[in-house]
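To keep things clear, I will list the structure first and then write my remarks on it.
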Amino acid sequence: MKRIHFVAVVALILSALIIAYGQLPRPGTQADQTATQSRPSQPVKAKKVLVKELPKKLEGIALVNGTFKLQPGYKFVPQPNGTVTVALQAAGGGVSGSFDCFCDTEGGGSCSATTVGGTISCGKSKTTPCSGGCILRTTIGGNKTRLAIY
Numbered sequence: 296m297k298r299i300h301f302v303a304v305v306a307l308i309l310s311a312l313i314i315a316y317g318q319l320p321r322p323g324t325q326a327d328q329t330a331t332q333s334r335p336s337q338p339v340k341a342k343k344v345l346v347k348e349l350p351k352k353l354e355g356i357a358l359v360n361g362t363f364k365l366q367p368g369y370k371f372v373p374q375p376n377g378t379v380t381v382a383l384q385a386a387g388g389g390v391s392g393s394f395d396c397f398c399d400t401e402g403g404g405s406c407s408a409t410t411v412g413g414t415i416s417c418g419k420s421k422t423t424p425c426s427g428g429c430i431l432r433t434t435i436g437g438n439k440t441r442l443a444i445y
């Protein structure tokens, strides 16, 4: 008799656990939102790097394995015109150039510069996405240099 009760209790506990862990959380629940927020964004690697080395006057950026990374002591500063500059963290001075992105096909949409975790890359615009690749370009003293295709 005791054995039957024991087996029944174990079966009930296992059934409860299977039901509890077998259910998926509903979309939009707190658990779902927390999981989305905790995933860090990964830096985007260029499909094709167009330069062997960065322009000499461009300070604060290094080309590492197809990504353009900030060097220590520098920060990205988004500008109102859609470009991004690099400045010294201390006092915010020392801007050496700006970055912007454009679509490599005429009339094919638009691209924008994106900064993630100390890297800069290009992404297709959400409103009018580029139909081709996006090109990352830097402008230093009026000279424009294409850096990479995304």
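Going by the working numbering, the first residue of the sequence shown is number 296, and it counts up by one from there. A virtual CB, placed ideally from N, CA and C, is assigned to each residue, including glycine.
Opposite residue 409 in the DSSP bridges: which residues?
-> In DSSP, residue 409 forms a bridge with 416.
With residue 357 as the anchor, note down where its beta strand (DSSP E) starts and where it stops.
-> First-last of the beta strand (DSSP E) with residue 357: 356-359.
Could you give the DSSP three-state label for residue 443: helix, strand or coil?
-> In this structure, residue 443 counts as strand in the three-state DSSP scheme.
When you compare each of 440, 299 and 340 to residue 395 by their alpha carbons, which one comes out closest?
-> When only C-alpha atoms are compared, the closest one is 440.
Label residue 423 either buried or exposed according to how many other C-beta atoms from any shown protein chain fall within 10 Å of its C-beta, with 16 as the threshold for buried.
-> Exposed.
Leaving out the 5 sequence neighbours to the left and right, which residues in its chain are closer than 6 Å to residue 354 when beta-carbon positions are compared?
-> Hits under 6 Å: 391.
Own chain, CB closer than 6 Å to residue 358, minus 5 neighbours either side, in chain order = Within the same chain, residue 358 has close Cβ partners 349.
Report the rounded CA-to-CA distance for residue 352 versus residue 427, giving the unit in angstroms.
-> Rounded to the nearest whole angstrom, the CA to CA distance from residue 352 to residue 427 is 30 Å.
What does a CB cutoff of less than 6 Å around residue 432 pick up in its chain, not counting 5 residues either side in sequence?
-> Here the set comprises 395, 439 and 441.
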